[in-house]
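Residue numbers (the working numbering): 7 to 533.
Here it is as C-alpha cells:
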C-alpha cells in the first residue's frame, strides 16, 4: 500500500532541470510512484497545489557530531528542509578517540548533557547514534586534528615517521568504520601544525581505505587565501582524492575580490583532472572561536600553555600590542556569541568595543580577559566578508552549500548565547536572498546545489534526486514565501515557507510542525 501521496506537487528533481507538476507516491522508505495518482489508496494524502517538492537538502558542512546524541530531533536543521548532515569538519570529529583527543569531546559531552563519552571508535559512535535514533541522515569525515591529537596531543612540532604511520592507521580505521574522508582545520590547533606533506599522507591513507575526500578549512582565508587554496588543491592532486574547499571566502576588506583569483584556480585544477569543489554559506560574517585572533605561537601546547602565556604580564602585553595592531578599528566587527560559563554570559550579543567600554579597558584587554576567564571557551561572529564575493562563490557551478553550524533547539542545553543566524536560516536564505532577490541562481539550479551536487561529491547513493526507486528524502516548500527570519540580534527564529519534510519516507515535519519521528540513518562510507 502507498504510505503517502503528495498530490499536485511541482517537482524540481535536483538535476537542474525544469519543473513539472504531478503526484508522488511514497511506499515505505522509497519514492515508488511518480505520475497521476488520483483515486489511489494511501494511508496519507497531502494536497500540495502550488508548492515545490525537491530532494531533501544536504548540509555538507555541519558541526553537529555529538549533538546527534543530545538533540536527536535535529530541529534547527529540519525546519530548514535539511535531511542529511555531514559532520567531522574543520579537522574535528566525534571519533576516533584513542588518546588526548578524548578530553575535548568529553568537555563538550558534559556541556550538552550526554554525560560520559561512551565511545572511542567511530563504529561505536555510529552504533550509539543508530540506537538512540536521529531525525535526519548523518555522515561524517574524520578530523585530522582529532587524529593528530590521538597520536601527539597538542604538540606543534612536525610528526616523526612512526607518528605519521600511527596517524595514518587512525585515519584508516575511521574510514573502515564508515567515514567519508578526512577534514582539516588549518587555523586550529593541532591541525594547524600539519605541513603539506602530512596532509597529503593522511588524504592518501583515506583514499587507500576507499574514502577519497579531503575537505579543508584552508590555512588562510585572508591575505594568503590564494596560496591556501593552492595548497588544498595540491593535497588533492598528490593524494589522488577529491578536494572540498570548505566555506570558501575572502576575509577582510583588503582581500575582497580575491575569490576572482581562487575560483579560476579551482577551475584550472578541475580542468587538469583534480576533482575539486567548494561550499559556501550565504552570510557576510563568519563564526568561530575568539581565540583565533591570537598569534599562532601563543596557542602552542594546548589550552593550559596558552593561558599561561596570557596570564604572564610581559607576554600578555606583547600579545595585546599584536591585537591592537591587527584589529585596529575593527573591534566593532567582532560580536561575542557565547561563553563557557555564567560569569560572562551577559556579554553574549555584544560587540567587543562595547564590552571594553563596559569594563573600562581597551578592546584588546577585554578580549584577553574573556579568553582567560573562560579558558578560551568564547565564540564570536566576525563581520569580515563582502556579499558580492559570496554571490560570486555561489555562482560557481562546482559550489554547494554548508551551514557551518551545528543543530540547535529553541529550548534545552543548546538554547544559549546568541548563535550565528546560519544555525536556523542557511538554506531558506539561499532561496530568498540569492534566488529571489539577487538572482544569483535560478530556482532549479539552486535546488541542484543543495541536493544532487553534494550527493555526487560525497557519494551519497540513492539520494539527491527525485526518481522512482530513490530513497524518499523530500522537502515541500513555497518558492515565493520561503525565507529566513533569524538575525544576528535574534537568531532563535524559525524560517518560513517550508511545509513538509520527509526522511526515508517518514514525515519529520508536517504542516510546519515537528512530528518527533527519528527515521534518519547513519550513512557509512557513502551509503
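All C-beta atoms, glycine included, are put in the ideal place defined by N, C-alpha and C.
Measuring straight from C-alpha to C-alpha, what distance separates residue i and residue j?
{"i": "residue 300", "j": "residue 152", "result": "21 Å"}
{"i": "residue 192", "j": "residue 57", "result": "42 Å"}
{"i": "residue 435", "j": "residue 441", "result": "9 Å"}
{"i": "residue 302", "j": "residue 497", "result": "31 Å"}
{"i": "residue 344", "j": "residue 296", "result": "10 Å"}
{"i": "residue 173", "j": "residue 495", "result": "42 Å"}
{"i": "residue 219", "j": "residue 394", "result": "29 Å"}
{"i": "residue 138", "j": "residue 78", "result": "8 Å"}
{"i": "residue 533", "j": "residue 170", "result": "Caution is warranted here: a pLDDT of 38 is assigned to residue 533, below 50, making its placement in the model unreliable, and no coordinate value can be reported."}
{"i": "residue 70", "j": "residue 253", "result": "16 Å"}
{"i": "residue 55", "j": "residue 15", "result": "6 Å"}
{"i": "residue 92", "j": "residue 213", "result": "18 Å"}
{"i": "residue 85", "j": "residue 504", "result": "7 Å"}
{"i": "residue 291", "j": "residue 530", "result": "32 Å"}
{"i": "residue 513", "j": "residue 141", "result": "9 Å"}
{"i": "residue 360", "j": "residue 342", "result": "10 Å"}
{"i": "residue 66", "j": "residue 389", "result": "23 Å"}
{"i": "residue 154", "j": "residue 40", "result": "48 Å"}
{"i": "residue 242", "j": "residue 18", "result": "32 Å"}
{"i": "residue 229", "j": "residue 31", "result": "52 Å"}
{"i": "residue 109", "j": "residue 515", "result": "36 Å"}
{"i": "residue 491", "j": "residue 431", "result": "7 Å"}
{"i": "residue 245", "j": "residue 267", "result": "24 Å"}
{"i": "residue 404", "j": "residue 425", "result": "28 Å"}
{"i": "residue 11", "j": "residue 29", "result": "7 Å"}
{"i": "residue 166", "j": "residue 203", "result": "12 Å"}
{"i": "residue 460", "j": "residue 437", "result": "17 Å"}
{"i": "residue 406", "j": "residue 387", "result": "22 Å"}
{"i": "residue 80", "j": "residue 363", "result": "38 Å"}
{"i": "residue 22", "j": "residue 373", "result": "46 Å"}
Looking at the unbroken alpha helix (DSSP H) that takes in residue i, where does it start and where does it end?
{"i": "residue 344", "result": "Unbroken run through residue 344 is the beta strand (DSSP E), 340–345; no alpha helix (DSSP H)."}
{"i": "residue 74", "result": "73–76"}
{"i": "residue 324", "result": "319–333"}
{"i": "residue 93", "result": "Looking at the DSSP string, residue 93 is not in any alpha helix (DSSP H); the run it does join, the beta strand (DSSP E), is 88–93."}
{"i": "residue 124", "result": "First-last for residue 124: undefined, no H or E at that position."}
{"i": "residue 373", "result": "369–379"}
{"i": "residue 81", "result": "81–84"}
Measure how close the beta-carbons of residue i and residue j come, nearest whole angstrom, since I'm counting them as under 8 Å.
{"i": "residue 528", "j": "residue 130", "result": "With 8 Å as the limit, residue 528 and residue 130 do not qualify as a contact, their Cβ atoms being about 12 Å apart."}
{"i": "residue 439", "j": "residue 447", "result": "Not quite, the Cβ-Cβ distance comes to about 11 Å (not below 8 Å), so this is no contact."}
{"i": "residue 7", "j": "residue 47", "result": "6 Å"}
{"i": "residue 473", "j": "residue 488", "result": "Not quite, the Cβ-Cβ distance comes to about 23 Å (not below 8 Å), so this is no contact."}
{"i": "residue 468", "j": "residue 510", "result": "Contact flag wrong, Cβ pair sits at about 10 Å."}
{"i": "residue 1", "j": "residue 221", "result": "This structure gives no information on residue 1, because the portion of the chain shown stretches from 7 to 533."}
{"i": "residue 160", "j": "residue 102", "result": "Not really, about 17 Å apart at Cβ, beyond 8 Å."}
{"i": "residue 381", "j": "residue 325", "result": "Actually they are not in contact, since the Cβ atoms of residue 381 and residue 325 sit about 16 Å apart, beyond 8 Å."}
{"i": "residue 547", "j": "residue 89", "result": "Nothing about residue 547 can be reported from this structure: the residues present for the chain run from 7 to 533 only."}
{"i": "residue 250", "j": "residue 226", "result": "No, residue 250 and residue 226 are not in contact; Cβ-Cβ is about 17 Å, not under 8 Å."}
{"i": "residue 205", "j": "residue 413", "result": "Not a contact, Cβ separation roughly 29 Å."}
{"i": "residue 215", "j": "residue 178", "result": "4 Å"}
By DSSP, does residue i sit in helix, in strand, or in coil?
{"i": "residue 53", "result": "strand"}
{"i": "residue 553", "result": "The requested residue 553 does not occur in the structure, where the chain is confined to residues 7 to 533."}
{"i": "residue 107", "result": "helix"}
{"i": "residue 220", "result": "strand"}
{"i": "residue 483", "result": "strand"}
{"i": "residue 525", "result": "strand"}
{"i": "residue 513", "result": "strand"}
{"i": "residue 386", "result": "strand"}
{"i": "residue 505", "result": "strand"}
{"i": "residue 296", "result": "helix"}
{"i": "residue 227", "result": "coil"}
{"i": "residue 533", "result": "Residue placement at residue 533 is poorly supported in this model, since its pLDDT is 38, which falls under 50; the coordinates still yield a value, given next. Residue 533 falls in the coil class under three-state DSSP."}
{"i": "residue 534", "result": "For the chain, the structure presents residues 7 to 533; residue 534 sits outside this window and is missing."}
{"i": "residue 58", "result": "strand"}
{"i": "residue 31", "result": "strand"}
{"i": "residue 495", "result": "coil"}
{"i": "residue 311", "result": "helix"}
{"i": "residue 520", "result": "strand"}
{"i": "residue 349", "result": "coil"}
Over what stretch of residues does the beta strand (DSSP E) that includes residue i continue unbroken?
{"i": "residue 23", "result": "Counting along the chain, residue 23 falls outside any beta strand (DSSP E), and DSSP gives it neither H nor E."}
{"i": "residue 268", "result": "Run containing residue 268: none in the beta strand (DSSP E); it sits in the alpha helix (DSSP H), 265–277."}
{"i": "residue 65", "result": "63–65"}
{"i": "residue 232", "result": "Careful: residue 232 lies outside any beta strand (DSSP E), inside the alpha helix (DSSP H) at 231–245."}
{"i": "residue 17", "result": "8–17"}
{"i": "residue 363", "result": "Segment 358–365 is the alpha helix (DSSP H) holding residue 363; no beta strand (DSSP E) there."}
{"i": "residue 36", "result": "36–41"}
{"i": "residue 282", "result": "282–286"}
{"i": "residue 250", "result": "248–251"}
Extract the residue ranges of the alpha helix (DSSP H) inside the region 131–211, only unbroken runs of 4 or more that lie entirely within it.
150–158, 167–182
For a minimum of 3 consecutive residues, which ranges assigned as the beta strand (DSSP E) are wholly contained in the region 397–468?
405–407
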